[in-house]
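So for the sequence shown, my numbering puts the first residue at 262; every next one is plus one.
The structure appears right after this line, and notes come after that.
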Amino acid sequence: MNFQALSTVELRQICYFLTIVDTGYSFSRAAERLQIEQPPLSQRIRALEKRMNVQLFDRTRRPVQLTAAGKVFEREARLALMQIETAIAQAQKMHQGEIGHLSIGIASSAANGILPELIRRFCDRYPHVHLELHELTAAQQREALRDTEFSSRHNRSIDMGIEVFLADVLQDVNLEHRFLQAESLVAALPEAHSLAGSGQIALKDLVEQSLILPDLQAFPFYETFWSSAPHPVFSPKY
262 MNFQALSTVE LRQICYFLTI VDTGYSFSRA AERLQIEQPP LSQRIRALEK
312 RMNVQLFDRT RRPVQLTAAG KVFEREARLA LMQIETAIAQ AQKMHQGEIG
362 HLSIGIASSA ANGILPELIR RFCDRYPHVH LELHELTAAQ QREALRDTEF
412 SSRHNRSIDM GIEVFLADVL QDVNLEHRFL QAESLVAALP EAHSLAGSGQ
462 IALKDLVEQS LILPDLQAFP FYETFWSSAP HPVFSPKY
């Protein structure tokens with residue numbers, strides 16, 4: 262595309278030309294609609310014709326009519342302006358986050374709660390954004406956000422991650438964290454267990470209790486939780 266040559270044609274000239282066509286080839290009505298004087302409008306059109314080396318209007322007829330070249334230019338110019346209008350609108354939507362692609366890493370421990378509702382509301386508000394969800398551990402999410410090579414190796418590029426972590430323990434100072442929801446930890450106990458009827462259970466109550474926990478490497482939240490306990494001598498039995 263010859264941008265240097267096109268740069269000598271003003272978009273305003275094309276708009277003036279199409280306005281004349283839309284007002285029934287009337288330069289006076291076009292000037293009134295454009296809120297300019299008729300002589301400057303005529304000068305702009307003649308400058309456009311001179312730049313293109315093409316006569317767009319047959320001025321020997323009354324009313325003025327388009328030449329064959331003018332008809333071709335009108336058709337293509339309308340398409341070009343429609344494309345420019347679309348390009349501007351799409352760019353604005355992208356800037357406002359209304360279109361595009363959003364890839365989210367989700368830890369399985371965070372897949373419940375308010376997340377389904379948040380996703381539904383997001384899709385309702387931004388129906389033209391393609392949403393992609395990846396199940397990743399917290400460690401994998403942080404690696405994917407920090408290291409572009411991770412995305413290449415695992416073919417999983419994410420824009421953000423959702424995980425569970427302690428509110429007072431910042432997981433990674435190099436990443437920005439936003440709070441979504443506070444959740445309580447729950448201990449699942451057999452009905453006959455001595456602690457089953459307790460409304461609340463303190464960590465010290467779990468000393469010497471055998472616990473069933475997921476892989477701590479895949480779910481580091483639990484390890485962080487135990488290590489942050491106020492009882493340094495406490496070591497859970499897995």
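We put the beta carbon where it would ideally sit given N, CA and C, even for glycine.
Nothing here was measured: the structure is a model prediction, and the numbers come from that model.
Checking 8 angstroms against the spacing of the C-beta atoms, do residue i and residue j come in under that value?
i       : j       : result
Gln-274 : Ala-308 : yes
Arg-443 : Pro-451 : The question names Arg, but residue 443 in the sequence shown is Ala. No, the Cβ-Cβ distance between Ala-443 and Pro-451 is not below 8 angstroms.
Ser-369 : Glu-393 : no
Glu-437 : Gln-402 : no
Leu-397 : Gly-374 : no
Gly-422 : Leu-446 : no
Glu-335 : Leu-295 : no
Gln-351 : Ile-345 : no
For residue i, which three-state DSSP category applies?
i       : result
Val-447 : coil
Gly-361 : strand
Ile-236 : Since the first and last residues shown for the chain are 262 and 499, residue 236 lies out of range.
His-391 : strand
Ser-289 : helix
Val-494 : With a pLDDT of 45 at Val-494, under the threshold of 50, the modelled position of that residue is not reliable, and the figure given next carries that caveat. It is coil, neither helix nor strand.
Leu-456 : coil
Met-421 : strand
Asp-408 : coil
Leu-396 : The identity of residue 396 in the sequence shown is Glu, whereas the question assumes Leu. If DSSP states are grouped into helix, strand and coil, Glu-396 belongs with the strands.
Ile-380 : helix
Whose C-alpha, out of the options, is nearest the C-alpha of residue i?
i       : options                            : result
Pro-500 : Ser-455, Ile-419, Tyr-277, Val-282 : Residue 500 cannot be examined here, being either before or after the span of the chain that is shown, 262 to 499.
Pro-377 : Gln-316, Leu-441, Thr-321, Ala-400 : Leu-441
Asp-408 : Asn-435, Leu-267, Leu-474          : Asn-435
Ser-268 : Ala-449, Ser-418, Gln-353, Met-313 : Met-313
Beta carbon of residue i: closer than 7 angstroms to some heavy atom of the ligand SAM?
i       : result
Met-262 : Annotation note on the ligand SAM: not contained in the displayed structure, which lists no ligands.
Our contact map puts residue i next to residue j with C-beta atoms below 8 angstroms; I'd like the distance itself, whole angstroms only.
i       : j       : result
His-362 : His-391 : 5 angstroms
Practice problem: Would you check if there are 3 or more beta carbon pairs closer than 8 angstroms linking the stretch 277-294 to the stretch 317-327? | Solution: yes
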